[in-house]
Structures are given as C-alpha cells and as structure tokens.
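Remarks on the structure that follows.
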C-alpha cells in the first residue's frame, strides 16, 4: 500500500519504545532506498510537498503519480476530475484508477453521485490540514 513518510516515522517510533534512539525521516528514506535495490517493492513517490512510501511491488507510472497529485488536496479523485484537469480520455483515467484499486492503493466509493476513488495514504495529510 501507500503511507506518508511522516506516518511511517510515527509508527516506527511508536513501535521502538521510549528508550530507543530516534529515527529521522532521512533515516527512513535511506533505508527505503537500500531496500529498493534488493527489489523489495519499496519506493518513494513525491506527491506535492509529501513523500509517500510505496510498500507493494507494483509499478507506478507517471500517470499514476499525476493522479495521486491530483487527489492530494481532497483525498479522492473522480474520472471526470481527471478528464477535465489532465485533458485525458475517459478510458485512460479509468485504467489508472482500476490499477490503483487492484493494487489496494485506492478505495472506491460507488455511492457518491459520481464514483470517487479515495487514496487512504493521503488521509493523514488531510487530517493535518484541519
């Protein structure tokens, strides 16, 4: 899945206990880069001012990254938003969103007037903006 670097750091610190040495965001970035060399499926995806950590062995193209950036402000995106903002054909938008769903990186809200594709990795960023 996807998780923000900040949330990952909080979880690592929480799991290590009070008396363990601090782990910085830079420490995590270096560790992820080293894991990536081993073909672990871990990677960093910059989205706006946020770094997302990818922990599944799925390949994300520039199309996927652009859609993540589009969803950053609200936490979700729709096919029509992608079509209008990026000037893409409907099929291209649907293919990107279906891939994110299949890989477990997006959730579908089919009860909205237009289906919304939510990106849970962006939830903590939204909460921090309140």
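Numbering (this note's numbering), first residue to last: 1374 to 1503.
Backbone N, C-alpha and C define an ideal beta-carbon position, used for all residues, glycine too.
Owing to the predicted nature of the structure, the values given are computational and were not obtained by experimental measurement.
Residue i - partner residues in DSSP beta bridges
i, result
"residue 1489", "1482"
"residue 1375", "1427"
Other residues of its chain near residue i: CB distance less than 8 Å, five sequence neighbours each side excluded
i, result
"residue 1377", "1423, 1424, 1425, 1426, 1494, 1495, 1497 and 1498"
"residue 1406", "1417"
"residue 1389", "1396"
"residue 1457", "none"
Residue burial classification, residue i (beta-carbon count within 10 angstroms, cutoff 16)
i, result
"residue 1448", "buried"
"residue 1503", "Reliability of the predicted coordinates at residue 1503 is poor, the pLDDT of 46 falling under 50, and the value obtained from them is presented with this limitation in mind. Flag for residue 1503 reads exposed."
"residue 1471", "exposed"
"residue 1410", "exposed"
"residue 1432", "exposed"
"residue 1441", "buried"
"residue 1375", "buried"
Own chain, CB closer than 7 Å to residue i, minus 5 neighbours either side, in chain order
i, result
"residue 1444", "1450, 1492 and 1495"
Which parts of the segment 1403 to 1474 are runs of the alpha helix (DSSP H), unbroken and 4 residues or longer, counting only runs that do not cross its ends?
1435 to 1444 and 1452 to 1459
Given 8 Å as the limit, is there contact between the segment 1453 to 1469 and the segment 1406 to 1423, that is, 3 or more CB pairs closer than that?
no
Would the segment 1455 to 1466 and the segment 1434 to 1443 be scored as touching if the rule is three or more Cβ pairs under 8 Å?
The segment 1455 to 1466 and the segment 1434 to 1443 touch, with no fewer than 3 CB-CB distances between them shorter than 8 Å.
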